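Going by the working numbering, 525 is the number at position 345 of the sequence shown; the sequence numbering is gapless.
Glycine included, C-beta positions come from ideal geometry on N, C-alpha and C.
No experiment lies behind these values; they were computed from the predicted model shown.
Comments concern the structure below.
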Amino acid sequence: MTSVEQTQAELSQTELSGSESALDGLPVSGPAVVAHAAGDLRIEEVPLKAPAADEAVVEIAYGGICGSDLHYWMHGAAGESILKDPMVLGHEIVGTVVRAAADGSGPAAGIPVAVHPATPGPGAARYPEDRPNLSPGCTYLGSAARHPHTDGAFSRYATLPARMLRELPAGLPLRTAALVEPASVAWHAVARAGEVAGKTAMVIGSGPIGALVVAVLKRAGAAKITAVDMHDKPLQIARAVGADEVLKGDDAEAIAAVEADVVIESSGSHFGLASAIKGAVRGGKVVMVGLLPSGPQPVLISLAITRELELLGSFRFNDEIDDVIAALADGSLQADAVVTHEYPLDHALEAFDVAKNSAQSGKVLLNFTPAGQA
Ligand SMILES: NC(=O)c1ccc[n+]([C@@H]2O[C@H](COP(=O)([O-])OP(=O)(O)OC[C@H]3O[C@@H](n4cnc5c(N)ncnc54)[C@H](O)[C@@H]3O)[C@@H](O)[C@H]2O)c1
Ligand SMILES: [Zn+2]
181 MTSVEQTQAE
191 LSQTELSGSE
201 SALDGLPVSG
211 PAVVAHAAGD
221 LRIEEVPLKA
231 PAADEAVVEI
241 AYGGICGSDL
251 HYWMHGAAGE
261 SILKDPMVLG
271 HEIVGTVVRA
281 AADGSGPAAG
291 IPVAVHPATP
301 GPGAARYPED
311 RPNLSPGCTY
321 LGSAARHPHT
331 DGAFSRYATL
341 PARMLRELPA
351 GLPLRTAALV
361 EPASVAWHAV
371 ARAGEVAGKT
381 AMVIGSGPIG
391 ALVVAVLKRA
401 GAAKITAVDM
411 HDKPLQIARA
421 VGADEVLKGD
431 DAEAIAAVEA
441 DVVIESSGSH
451 FGLASAIKGA
461 VRGGKVVMVG
471 LLPSGPQPVL
481 ISLAITRELE
491 LLGSFRFNDE
501 IDDVIAALAD
511 GSLQADAVVT
521 HEYPLDHALE
531 AFDVAKNSAQ
541 SGKVLLNFTP
551 AGQA
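Rendered as structure tokens:
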């Protein structure tokens with residue numbers, strides 16, 4: 181059974197069991213962006229799941245297209261997560277609560293919210309208690325890592341656990357808040373490097389994640405930020421959010437001469453990781469947030485050993501999301517320039533096409549409101 185069919189079955193079951201009032205006044209279905217298989221992305225009507233007592237219904241305003249959404253569309257898989265059934269994409273989402281959770285948890289109807297897409301898993305392997313992002317079996321909205329898949333929320337309405345919802349402060353526009361999820365990834369990556377105030381920093385790969393890393397480094401008081409990319413457009417965006425200097429990814433000599441205290445690898449390629457290792461100062465730190473393909477990867481490991489570099493992994497985020505919301509709201513984190521395009525839901529396929537071209541676009545947003553105007 182597909183996850184969409186399953187939702188439908190659950191919905192009919194709920195209706196049969198007489199609790200249709202759970203959706204009273206709300207549409208029973210709405211348009212959503214569904215990945216069916218490699219190259220097969222559809223905008224189709226999906227049933228709205230009747231909320232459990234601890235779930236709220238959110239009217240989605242914006243959704244940011246992420247690399248993993250692009251991978252499911254282009255390859256039918258993101259890393260090890262292989263699409264087995266149709267799945268609603270989308271985990272970078274913001275909207276307004278239209279039905280609060282019946283058990284009283286979470287925000288009330290009418291409250292604008294960002295969404296923390298993770299659900300820590302029940303797996304038995306050990307992990308540090310204060311780092312639930314590392315919990316085995318963790319699920320994420322719009323992820324095929326488990327089966328049945330976890331549907332995302334690129335849909336006009338979404339039924340979501342109230343614990344995922346984070347109230348947005350008054351005055352923080354939903355469009356700015358659409359960056360909360362990727363900015364939390366960036367915030368976590370910078371935090372992995374420890375104190376960065378007064379230090380020199382270099383960011384390899386200035387796509388949406390790298391550009392947000394630049395913005396977070398700027399806010400954290402890095403003394404000098406160098407951004408690196410293969411293309412001009414991402415470097416322009418990096419400058420707009422705080423890079424002091426930009427370099428082309430093939431300028432090996434200039435990259436090695438940076439000798440940055442902290443390097444954040446956000447290209448997701450082993451070439452980028454090589455630049456990161458070469459450009460770090462002796463004794464420096466390299467944070468790896470770019471997701472390299474699974475399996476063995478070439479790494480300049482002997483250079484990392486003899487220079488005593490600290491190589492640090494960075495995966496998703498935890499409660500940093502609250503700091504990001506506060507920093508976007510008080511204006512100390514300036515990231516709007518990362519968004520380059522916005523499309524209404526019925527142009528989602530065009531939006532995905534633009535989003536896959538790093539030379540042309542930064543973060544591409546989908547607008548889910550009926551008139552395309554959130
Ligand atoms: N660790 C996590 O939790 C996490 C979360 C989200 C995304 N990611 C990963 O972060 C990476 C960046 O995400 P994104 O959305 O910005 O992707 P993106 O593809 O839009 O950006 C990558 C950028 O790196 C540039 N690049 C490629 N090779 C390079 C090189 N050798 N040197 C310099 N620049 C190079 C590209 O031109 C592009 O602009 C991806 O690998 C993504 O999977 C990781
Ligand atoms: Zn994402």
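According to DSSP, Ser447 sits in a beta bridge with which residue or residues?
None; Ser447 has no bridge partner.
Regarding Asp409 and ligand 1, is the C-beta to nearest heavy atom distance less than 8 Å?
Look at Asp409: its beta carbon is less than 8 Å from one of the heavy atoms in ligand 1.
Tell me which residue opens and which closes the beta strand (DSSP E) that Val370 is part of.
It is not in any beta strand (DSSP E) - Val370 instead sits in the alpha helix (DSSP H) that spans 360-372.
So is Gly387 buried or exposed if we call it buried at 16+ other beta carbons inside 10 Å?
Burial is judged here by how many other beta carbons sit within 10 angstroms of a residue's own beta carbon; Gly387 has at least 16 and is buried.
Could you have a look at Leu397 and say whether DSSP puts it in helix, strand or coil?
It is helical.
As a quick exercise: from Ala215, Arg222, Ala230, pick the residue whose alpha carbon is nearest that of Ser209.
Answer by Cα proximity: Ala230.
Buried/exposed call for Gly198, threshold 16 Cβ in 10 Å:
Since pLDDT at Gly198 reaches only 33, below the 50 mark, its modelled position is unreliable, and the value read off the structure follows with that caveat. Exposed.
For Glu160, three-class secondary structure by DSSP
There is no way to answer for residue 160, as the model of the chain reaches only from 181 to 554.
Since I believe Gly390 is in contact with Ala371 (beta carbons under 8 Å), could you give me their beta-carbon distance rounded to a whole number of angstroms?
With 8 Å as the limit, Ala371 and Gly390 do not qualify as a contact, their Cβ atoms being about 16 Å apart.
Do you know offhand how far Lys536's Cα is from Gly332's?
Lys536 and Gly332 have their C-alpha atoms spaced approximately 19 Å apart.
Less than 8 Å between the CB of Val504 and some heavy atom of ligand 2, yes or no?
No, Cβ of Val504 sits at least 8 Å from all heavy atoms of ligand 2.
Proximity below 9 Å, CB of Ile384 to CB of Gly247:
In this structure, Gly247 does not lie closer than 9 Å to Ile384 by Cβ.
From Ser538 to Asp204, what does the alpha carbon distance come to, in whole angstroms?
Ser538 and Asp204 have their C-alpha atoms spaced approximately 43 Å apart.
Using 9 Å as the threshold, is the C-beta distance between Leu427 and Val408 below it?
Yes, the Cβ-Cβ distance between Leu427 and Val408 is below 9 Å.
Just to confirm, are Leu228 and Leu206 a CB contact at a threshold of 9 Å?
Going by C-beta atoms, Leu228 is nearer than 9 Å to Leu206.
Through-space distance from Pro353 to Val184, alpha-carbon basis:
With a pLDDT of 44 at Val184, under the threshold of 50, the predicted position of this residue should be treated as unreliable, and no value is reported.
Shorter than 8 Å, the distance from the beta carbon of Ser248 to the closest heavy atom of ligand 2, or not?
Checking the Cβ of Ser248 against ligand 2 gives yes.
Below 8 Å, how does it come out for the segment 353-362 and the segment 498-509: are there three or more Cβ pairs, yes or no?
At 8 Å Cβ cutoff, the stretches touch.
Euclidean distance between Cα positions of Ala294 and Gly275
A straight-line Cα-Cα distance of about 7 Å links Ala294 and Gly275.
Give the DSSP-derived three-state secondary structure of Leu228 in the structure shown.
In the structure shown, Leu228 sits in coil (DSSP, three-state: anything other than H, G, I, E or B).
Can you tell me whether Ile485 is buried or exposed? The criterion is at least 16 other CB atoms within 10 Å of its CB, across all chains shown.
Exposed.
Does the Cβ-Cβ distance between Ala324 and Ile262 come in under 9 Å?
For Ala324 and Ile262, yes; Cβs fall inside 9 Å.
Buried or exposed: where does Arg306 fall if 16 or more other Cβ atoms within 10 Å of its Cβ makes it buried?
Exposed is the call here.
Mapping the DSSP letters down to three states, classify Ala217 as helix, strand or coil.
Here Ala217 sits in strand by DSSP.
Could you check the C-alpha separation between Glu260 and Ala456 for me, to the nearest Å?
Distance from the CA of Glu260 to the CA of Ala456, rounded to the nearest whole angstrom, comes to 25 Å.
Pull up the DSSP beta-bridge partners for Ser209, would you.
Listed as beta-bridge partners of Ser209 by DSSP are Pro227.
Where does Lys458 sit, in a helix, a strand or coil, going by DSSP?
DSSP places Lys458 in helix when its eight states are reduced to three.
Can you find a heavy atom of ligand 2 that lies under 8 Å from the Cβ of Gly244?
Within the cutoff, so yes.
Bounding residues of the beta strand (DSSP E) (the contiguous stretch that carries Arg346)
That run of the beta strand (DSSP E) goes 345-347.
Return the first residue and the last residue of the alpha helix (DSSP H) that Lys413 is part of.
For Lys413, the uninterrupted alpha helix (DSSP H) run begins and ends at 412-420, by DSSP.
Got a sec: does ligand 1 put a non-hydrogen atom nearer than 8 Å to the Cβ of Ile485?
For Ile485, the distance from the CB to the nearest heavy atom of ligand 1 is not below 8 Å.
With a Cβ-Cβ cutoff of 9 Å, do Phe532 and Leu314 count as a contact?
Leu314 sits away from Phe532, with the two beta carbons spaced by 9 Å or more.
Suppose the cutoff is 7 Å on Cβ atoms and the five residues either side in sequence are ignored; what does the same chain contact list for Asp526 look like?
Closer than 7 Å at Cβ, skipping near neighbours: Ile223.
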